[in-house]
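Residue numbers (the working numbering), protein chains in the order written: chain S, 1 to 297; chain C, 298 to 726.
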């Protein structure tokens with residue numbers, strides 16, 4: 001046993017050290033930096049206690065806007081991601097020909113660089129001059145609808161959420177399909193013999209049997225949604241756009257800036273700490289709410 | 298080998314190493330971090346400056362690192378890690394609000410009073426008026442501007458002529474010329490719906506033209522926020538919204554993503570845009586060599602305090618790091634960069650305006666050069682607020698202004714936000 005323990009420790013040590021150096025220690029240091037007013041240009045940091053947090057939570061409407069945006073992506077985006085994910089999974093799993101082809105095709109957005117995807121959505125799909133949506137609507141006679149400005153400041157966030165859903169669905173289709181593939185077909189056959197319809201089969205067999213996959217996918221989606229950065233940042237084009245701020249983007253703007261740097265590293269770190277707390281709370285909540293006995297079959 | 302032979306080898310080795318050491322000790326190595334990407338025309342010009350300087354100063358080498366536009370941010374991290382850098386460059390207002398404000402900059406006053414390399418007179422005297430001291434701090438000059446971009450209406454001369462319109466000097470004339478363009482079936486104004494920086498220039502200029510230089514800063518630094526309630530702010534907002542109401546800005550512009558509006562300018566589908574004079578260079582390949590570029594100053598407003606010649610400028614500057622071990626050598630290099638020949642090279646190959654008097658700017662920027670040389674008052678983006686109070690400028694004024702100019706919020710809502718935002722900013726400071 002001692003020999004095994006020594007071996008286990010030996011094999012775990014390198015990864016643990018890396019985790020300690022590059023994740024754990026910086027996380028602890030983040031708490032430290034978040035209580036300072038610090039531009040990052042010099043080692044002089046002015047201790048301000050919880051002032052950064054007070055300012056964030058009580059006096060920064062832009063923080064709350066970013067927070068709300070992140071929550072909308074998490075819940076509204078999540079609803080559609082999983083709804084479409086299940087829909088596509090059920091369709092692909094229904095015995096259609098070319099299942100692998102469809103699986104690969106649906107996964108395509110995940111292998112394309114985010115910057116390319118933002119260019120696609122901004123210029124090919126949403127553009128008032130060149131956009132496919134506008135041109136198609138105009139062609140089929142919906143002239144008023146074709147003039148809808150997808151990228152106007154009051155619409156751009158919702159347009160971005162649509163794009164994020166489209167990009168994200170494929171990843172979760174793959175996860176859900178992997179879970180569905182494990183379910184023995186006997187259960188489906190037995191259910192059909194009993195006269196169950198597709199929805200009943202889905203509700204009483206598929207969902208319970210892949211529940212652990214659903215929970216893991218929810219956690220992954222939650223972390224991904226709350227951390228959303230790449231897409232909004234590149235969707236913004238050359239300048240900052242507060243309509244597209246998520247928590248991570250706002251953190252970056254305050255600490256590093258895009259076109260116009262603000263250089264408030266202490267404040268940005270405080271945003272990061274709050275983001276960490278939100279992610280932890282979300283993970284705990286999902287596991288508590290979704291926890292159930294594991295099904296063995 | 299005999300004993301005397303070995304001795305000879307040892308002595309020769311010692312002499313060689315001593316000579317090498319002395320040679321190395323005389324050699325000065327400078328580190329330069331640049332905001333340009335390698336391969337950009339401006340970077341190539343700077344590289345040729347470095348090559349020319351090294352050729353005439355063999356004991357000095359300059360090693361550039363081409364970081365791109367996040368240069369100051371990368372430099373901040375590097376300096377914190379102990380990296381030694383002697384020289385950097387960036388947009389002047391960003392450096393002023395960053396490294397200069399953090400007391401990382403080397404003061405240049407004494408050096409600027411020294412003799413210029415290629416003419417009689419001081420180095421300071423070789424600069425176009427107004428640019429050198431734009432971002433002085435406590436009476437000290439820290440920035441060495443070498444590229445000059447004016448903020449003006451950049452326009453298509455052919456379209457203006459086609460509509461029978463003229464370059465306007467007053468706001469009323471400007472509206473009349475926009476009307477003439479519209480009547481001729483030509484879109485007057487290109488406006489990027491999502492470009493907070495460009496669109497804020499209307500707000501800044503109109504306030505300056507009506508209330509004079511410094512009023513915007515006064516309003517922004519009034520900790521009660523009360524100055525924003527001055528009727529001039531409402532007037533300015535209405536003047537901006539009027540451009541949309543009259544159809545001088547296409548309604549679609551609200552949904553434009555940069556650089557869509559400027560592409561319409563290059564394609565001959567719109568006439569003018571309020572933006573920096575880098576635009577002709579940026580659109581050179583889209584517009585083609587026959588495009589007739591012109592620039593005109595933001596018009597005066599009747600009975601206003603600001604004058605037609607008052608000019609917003611975006612300059613790019615070198616900055617010497619305070620902790621450099623070789624200030625003399627760095628300053629020698631900077632002196633070399635502002636010779637007429639070198640500035641002509643930047644103007645020609647970089648296709649940009651430069652800060653040296655008597656150097657012709659590119660043909661496309663002739664009007665911009667005249668404006669720069671004749672400007673009596675020169676001010677930075679946001680009336681200099683980008684440098685002095687970046688967070689206030691970006692979060693309280695510039696970004697909310699874009700919602701107003703795009704018609705997402707009313708002028709009343711925008712002004713209310715200015716008041717509450719300014720109060721909150723100073724309360725947190």
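From the three backbone atoms N, C-alpha and C, an ideal C-beta is built for every residue, glycine too.
Computed from a predicted structure; not experimentally measured.
Could you check whether the Cβ of residue i sits closer than 8 Å to any Cβ belonging to chain S?
i, result
"residue 552(C)", "yes"
"residue 542(C)", "no"
"residue 705(C)", "yes"
"residue 692(C)", "yes"
"residue 476(C)", "no"
"residue 721(C)", "yes"
"residue 512(C)", "no"
"residue 441(C)", "no"
"residue 373(C)", "yes"
"residue 446(C)", "no"
Please report the distance separating the alpha-carbon of residue i from that of residue j.
i, j, result
"residue 268(S)", "residue 8(S)", "39 Å"
"residue 516(C)", "residue 103(S)", "59 Å"
"residue 143(S)", "residue 658(C)", "47 Å"
"residue 643(C)", "residue 364(C)", "19 Å"
"residue 351(C)", "residue 129(S)", "51 Å"
"residue 200(S)", "residue 87(S)", "14 Å"
"residue 122(S)", "residue 244(S)", "13 Å"
"residue 279(S)", "residue 702(C)", "37 Å"
"residue 232(S)", "residue 251(S)", "13 Å"
"residue 22(S)", "residue 604(C)", "56 Å"
"residue 12(S)", "residue 71(S)", "36 Å"
"residue 343(C)", "residue 641(C)", "12 Å"
"residue 127(S)", "residue 134(S)", "8 Å"
"residue 548(C)", "residue 139(S)", "21 Å"
"residue 451(C)", "residue 91(S)", "55 Å"
"residue 813(C)", "residue 266(S)", "A question about residue 813(C) goes unanswered here, because the residues of chain C that appear run from 298 up to 726."
Does residue i get closer than 8 Å to chain C when you measure Cβ to Cβ?
i, result
"residue 116(S)", "no"
"residue 251(S)", "no"
"residue 183(S)", "no"
"residue 261(S)", "yes"
"residue 149(S)", "yes"
"residue 240(S)", "yes"
"residue 256(S)", "yes"
"residue 154(S)", "yes"
"residue 122(S)", "yes"
How about residue i and residue j: do their beta carbons lie closer than 8 Å?
i, j, result
"residue 497(C)", "residue 681(C)", "no"
"residue 610(C)", "residue 446(C)", "yes"
"residue 425(C)", "residue 634(C)", "no"
"residue 259(C)", "residue 449(C)", "Since the first residue of chain C shown is 298 and the last is 726, residue 259(C) is not available in this structure."
"residue 670(C)", "residue 558(C)", "no"
"residue 24(S)", "residue 270(S)", "no"
"residue 687(C)", "residue 260(S)", "yes"
"residue 708(C)", "residue 531(C)", "yes"
"residue 607(C)", "residue 510(C)", "yes"
"residue 248(S)", "residue 227(S)", "yes"
"residue 106(S)", "residue 42(S)", "no"
"residue 59(S)", "residue 246(S)", "no"
"residue 565(C)", "residue 479(C)", "no"
"residue 164(S)", "residue 73(S)", "yes"
"residue 650(C)", "residue 538(C)", "no"
"residue 577(C)", "residue 661(C)", "yes"
"residue 167(S)", "residue 109(S)", "yes"
Any heavy atom of the ligand NAP closer than 7 Å to the Cβ of residue i?
i, result
"residue 389(C)", "For the ligand NAP, the structure offers nothing, since it holds no ligand at all."
Can you find at least 3 beta carbon pairs, one from the segment 326-346 of chain C and one from the segment 361-378 of chain C, that sit closer than 8 Å?
yes
Does the structure place the segment 690-700 of chain C close enough to the segment 24-38 of chain S that three or more beta carbon pairs sit under 8 Å?
no
Looking at C-beta atoms only, is the number of pairs between the segment 389-401 of chain C and the segment 621-628 of chain C that lie closer than 8 Å three or more?
No contact exists between the segment 389-401 of chain C and the segment 621-628 of chain C.
Contact list for the segment 57-90 of chain S against chain C, Cβ threshold 7 Å:
59, 62
Flag this pair as touching only if the segment 70-86 of chain S and the segment 218-233 of chain S have three or more C-beta atom pairs under 8 Å; answer yes or no.
yes
Does the segment 405-422 of chain C touch the segment 544-561 of chain C, meaning 3 or more C-beta pairs lie closer than 8 Å?
no
Could you say if the segment 480-487 of chain C and the segment 588-599 of chain C meet the contact criterion of at least three C-beta pairs nearer than 8 Å?
no
The segment 427-443 of chain C / the segment 559-579 of chain C touching (three or more Cβ pairs under 8 Å)
no
Contact list for the segment 10-43 of chain S against chain C, Cβ threshold 8 Å:
Result list: 39, 40, 41, 42, 43.
So if I threshold CB-CB distances at 7 Å, which residues from the segment 664-690 of chain C count as touching chain S?
Near chain S, meaning a CB-to-CB distance below 7 Å, the residues of the segment 664-690 of chain C are 683, 687, 688.
So if I threshold CB-CB distances at 7 Å, which residues from the segment 385-409 of chain C count as touching chain S?
391, 395, 396, 399, 401
Under 9 Å (Cβ pairs) to chain S, residues found in the segment 478-495 of chain C
489, 490, 491, 492, 493, 494, 495
Note down, in chain order, all residues in the segment 591-610 of chain C with a beta-carbon under 8 Å from any beta-carbon belonging to chain S.
none
Relative to chain C, which residues along the segment 214-239 of chain S have a C-beta separation below 7 Å, given in chain order?
237, 238, 239
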